[in-house]
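Numbering (the working numbering), first residue to last: 37 to 125. Built from N, CA and C at the ideal position, the CB exists for glycine as well. Report on the following structure.
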């Protein structure tokens, strides 16, 4: 049987810091899917996979709309993070 921990563990985790919208958009504009990881890990993984597939089938021409999608997604995810931070007590 494990020994009890010397400190309480029943408290809630601290809230995550809200993401900066400007930083999220700048990173997505400069780095595309890799910059999107700042605002949304799931979005970054999805667009990275999509970028590989689209890039191969369109010889890179389909990456321009994908890059714009990354910028929009970063804006939306960071705005949602800001909104959720304001609602939290």
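Backbone CA spacing between residue i and residue j [nearest angstrom]
i	j	result
residue 100	residue 49	39 Å
residue 63	residue 79	14 Å
residue 91	residue 97	7 Å
residue 43	residue 72	37 Å
residue 57	residue 40	43 Å
residue 87	residue 46	42 Å
residue 81	residue 116	19 Å
residue 84	residue 118	24 Å
residue 69	residue 95	18 Å
residue 77	residue 105	15 Å
N-terminal and C-terminal residue of the alpha helix (DSSP H) that residue i is part of
i	result
residue 94	It is not in any alpha helix (DSSP H) - residue 94 carries neither H nor E in the DSSP assignment.
residue 108	99–123
residue 53	Taken as a continuous stretch (DSSP letters only), residue 53 belongs to no alpha helix (DSSP H), as it is neither H nor E.
CB of residue i within 9 Å of CB of residue j, strictly
i	j	result
residue 113	residue 60	yes
residue 184	residue 121	Missing from the structure shown is residue 184; the chain here goes from 37 to 125 and no further.
residue 103	residue 75	no
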